[in-house]
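Down below is the structure, laid out as structure tokens.
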Amino acid sequence: MEISAKQPLVLDNIAINLEGRLLISIDQTIAPGDVLSVMGPSGSGKSSLLAYIAGFLDPAFSASGRALLGDRVLTNLPAEQRRVGMLFQDPLLFPHMSVEENLLFAIPHSVKSGAERKLRVKSALETADLQGYQDRDPATLSGGQQARIALMRVLLAEPGALLLDEPFSKLDAKLKSQTRKFVFEEARKRDLPVLLVTHDEIDADEAGGKVFNLENTEEQ
Amino acid sequence: MLRIAPTLALLVLLGPVFFGLLATIIPAFGYFPALGGETLTLDPIRNLLLEPGIYRSSMISLWTGLGTTVISLLVVAGFVAGWSGTNWFRTMQHTISPLLSVPHAAAAFGLAFMITPSGWLFRLISPEISGLTRPADLLIINDPAGLSMMAGLVLKEIPFLFLVTLSALPQVKPRRFAHVATSLGYGRMAGFIYCIWPRIYPQIRLAVFAVIAYASSVVDVALILGPTNPAPLAVRLVGWMNDPDLTMRFQASAGAVLQLLITAFALLIWIALEKIGGFFLMMKRCQGNRFANDNPMRIFVLVLISLSIGMVFAGLAILAMWSVSGLWPFPDVLPSSFSLKSWSRQIGTLARPFWITITIGVASTLIALVIALACLEREQRTGNTGGNQAMFLLYLPLLIPQASFVFGLQLFFLMSGIDASLFGLVLVHIVFVLPYLFLSLADPWRAWDKRYGFAAKTMHAGDNRIFWSVRAPMLLRSILVAAAVGFAVSIGQYLPTVLIGAGRWPTITTEAVALASGGDRRLIGVYAFLQMALPFIGFSIAAIIPAVLFANRRDMKASS
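Now the structure itself:
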């Protein structure tokens, strides 16, 4: 399915300010299949880094620098054309759609054949160990199941990179480690560059890649 | 297309207000060539001031406007202060919401059927307690001081102000502050009024102004419950506006300007009252006056609000009963027989007003809905909300007495040749439908978790796809409720329909109000019942559609 060779995610001299205060300054390259963990306490604005890369940074922030996927400059593109997948703190499965409809929503429009689209959904559900869940109401799934569906939904959109905004923070300890493993495995299988922001050291350890600590400019 | 949405909204809202006011004010000074007024003169104003009882009419309008607002706001503030966060409060929340959709005229008829000497309350205590076997000779409705009219208005403004307050409440996080005040020894009500009310009031202030403007210039409720000799100013205006002698239009214009001044004066007095009230509260607060034992007061307010709600429901039930009653002599509490005769006799004459009502309601609601959605969607995409100014402009048509600009609009249409057309009617209904529809939709629309949109964007969904596939369906319930609100507002419109329709486009509401003076209870029952049934049907549809579409989606269930 994946035709294009994977490319690195480049954070080229990105700096993000809020009300004149520098929150983040970062200059890193994430190779395909690698994970970069950005660590910082809550309130440090680390999520704004992901928002900037994905293209929905709140206008209250000001940012400079570029994000690139290979040599494609993301920061010049509208959010929906950047093709970076993102997992949020909540699964955000669309509550009015079934599991299958959620997944179909993500599959690129260029895949025209209905049968092919359904097949992709089916194999994604198998990967998530949720065979036969097509018609389920997402609200009736457990937290771990929702998290896996959310990941499959992101991956079905065929992103060039994966952004993780503390997607495990709301799961209980056991689920957290299982889900974490699942996410990193799937990302690695697809050779995606992954950028994780978290305040949880274990997240960063499990990710196994480079760790970037945000120096908090605030006292404390 | 989206880019022009806010401009279009302003045009639709303010265009009629602006041209209407202009076309009202100019003839007040004698200039209206179509009616032979070629020169500027003060004659219309002079004639107006020579009208017998004009001073008293103006004072009644001022008094009912302010009185209604003071009573409704005190009851609402007292109830929210004394009971928010309790089970009683939640119960009341659910009971009161449907009342908002009851047209003013229907509620007024219901009250009239309760409190007249031959009304249901007297039947309840007759003959055993009152000793009456015939209706007493008392002037209760249409009393010269306008008390019953004020009561009828209060019954409808309490739900309105309550629901507006309710939507302002979560933003100020009342619980935390209330606990602080209580722990310092303040009574529940005092703590709330001192610490929380001052932050709620600015958010509901425009709605309060709208109540003043409405109550000081209302026509339909005044025709049903108001004084007759002299009648409130707005009622007399409409008489002059519809006078077969076309030269009376000049005096009507002058009267409409007077109405404008009376309402403005009412607003000014209110602003002075705000200052006095604010100062008084500040004093009490700084003196540390705790009002710790406020249980009697709390219960008093609870009784008041329950009575007012109970009165509307009971009144509507009695209306419905009259429409199917056979013989129902005084002092029987229930009809001695039931019959569908009133309905079957009316079916023929009902059909036309019924379909006109539906047509205008659906058309104005759909157009207003498209405009509101386009504005909100544009706001979402550009991040530009327009702020307080936009809010003020939205409220503007509600702050100006209907009679003052709709009359001018009628003259304006007269000149442009679109007088008395369905198009003109829909246009004028939109002026009132759009603000309420927008206000109802804006909160849920803005409260939508934007991250759903972000998530969709990372799956390369564009703005349009997000709107149609994610946001609109997720907010379907709110969209339909807002549409139902708009539809209910359209159903309830009396004055604009009468003036712009020039009697050629009767609706259920104009027919019902026209029956007021006749006193045929069965007939009034039929029309008033329909008047309240139509909005109710709208809200039912708004509840059923999402319930069916999302039957298997737990997170799409109505919350609260």
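Protein sequence lines, in the order shown, are assigned to chains A and B.
Just so we're aligned: the first sequence equals residues 0 to 219 in numbering that gives the first Met the number 0.
Just so we're aligned: the second sequence equals residues 0 to 559 in numbering that gives the first Met the number 0.
Quick reminder that beta carbons are idealized off the backbone N, C-alpha and C, glycines included.
Since the structure is predicted, the reported quantities are computational estimates derived from the model, not experimental observations.
A straight-line Cα-Cα distance of about 8 Å links Arg89 of chain B and Ser83 of chain B.
Restricting attention to B:Ile24, B:Ser56, B:Leu61, B:Met58, the CA atom closest to the CA of Pro43 of chain B is found in B:Ile24. Here Ile523 of chain B is actually not in contact with Leu479 of chain B; their C-beta atoms are around 31 Å apart, not less than 8 Å. When secondary structure is reduced to three states using DSSP, Thr132 of chain B falls in the coil class, being assigned neither helix nor strand. Separation of the CB atoms of Pro107 of chain A and Glu185 of chain A is rounded to 18 Å, and the pair is thereby denied contact status at 8 Å. Comparing alpha carbon positions, the residue from B:Pro134, B:Ala471, B:Tyr193 closest to Arg284 of chain B is B:Tyr193. The alpha-carbon of Arg553 of chain B is positioned some 11 Å away from that of Ser97 of chain A. For Arg152 of chain A, the three-state secondary structure derived from DSSP is helix.
Between Tyr394 of chain B and Leu205 of chain B, the beta carbon gap of about 4 Å places them in contact (Cβ cut-off 8 Å). About 7 Å separates the beta carbon of Thr63 of chain B from that of Leu152 of chain B, a gap short enough to meet the 8 Å contact definition. Within chain A, Ala50, Ala53, Gly54, Phe55, Ala78, Met85, Phe87, Leu91 have C-beta atoms less than 9 Å from the C-beta of Phe453 of chain B, given in sequence order. Relative to Ser477 of chain B, the option among B:Thr358, B:Asp442, B:Thr508, B:Val497 whose CA is nearest is B:Asp442. Three or more beta-carbon pairs separated by less than 8 Å link the stretch 153–173 of chain B to the stretch 89–100 of chain B, which places the two stretches in contact.
Using a Cβ-Cβ cut-off of 8 Å, Arg445 of chain B does not count as an interface residue toward chain A, since no Cβ of chain A sits closer than that to its own. Thr67 of chain B sits in a helix when the DSSP states are folded into three classes. Residue A:Arg82 holds the alpha-carbon nearest to the alpha-carbon of Ala105 of chain A among A:Leu174, A:Ala206, A:Arg82, A:Leu195. Nearest to Val369 of chain B by alpha-carbon distance, out of B:Asp293, B:Ile211, B:Ala471, is B:Ala471. DSSP lists A:Leu21, A:Ser61 as the bridge partner or partners of Asn16 of chain A. Between Tyr30 of chain B and Leu20 of chain B the beta-carbon gap is near 15 Å, outside 8 Å, which marks them as no contact. Listed along chain A are His95, each with a C-beta nearer than 7 Å to that of Phe549 of chain B. The alpha-carbon of Thr28 of chain A is positioned some 13 Å away from that of Leu195 of chain A. Within chain A, the C-beta atoms nearer than 7 Å to that of Gly461 of chain B come from Glu79, in chain order. Between the beta-carbon of Met113 of chain B and that of Gly314 of chain B there is about 5 Å, and that keeps the pair under the 8 Å contact cut. Leaving aside the five residues that flank Phe249 of chain B on each side, the residues in its chain whose CB is nearer than 8 Å to its CB run, in chain order, Pro26, Ala27, Gly29, Phe31, Leu34, Gly36, Asp42, Pro43, Asn46. In the structure shown, the three-state DSSP call for Lys169 of chain A is coil. With a threshold of 8 Å between beta carbons, Gly385 of chain B makes no contact with chain A. Cβ neighbours of Val512 of chain B within its own chain (closer than 6 Å, five residues either side excluded): Ala104, Asp219, Leu222, Tyr493. The beta carbon of Val469 of chain B falls within 8 Å of a beta carbon belonging to chain A, placing the residue at that interface.
Inclusion of His428 of chain B and Ser363 of chain B in the CB contact set at 8 Å is warranted, their separation being smaller than that value.
Under the three-state reduction of DSSP output, Lys209 of chain A falls in the strand class. Secondary structure of Asp219 of chain B (DSSP, three-state): helix. Taking a C-beta cut-off of 8 Å against chain A, the contacting residues of the stretch 473–501 of chain B are Met473, Leu475, listed in chain order. Contact between Ile140 of chain B and Ala111 of chain B holds, with the beta-carbon distance rounding to 5 Å and staying under 8 Å.
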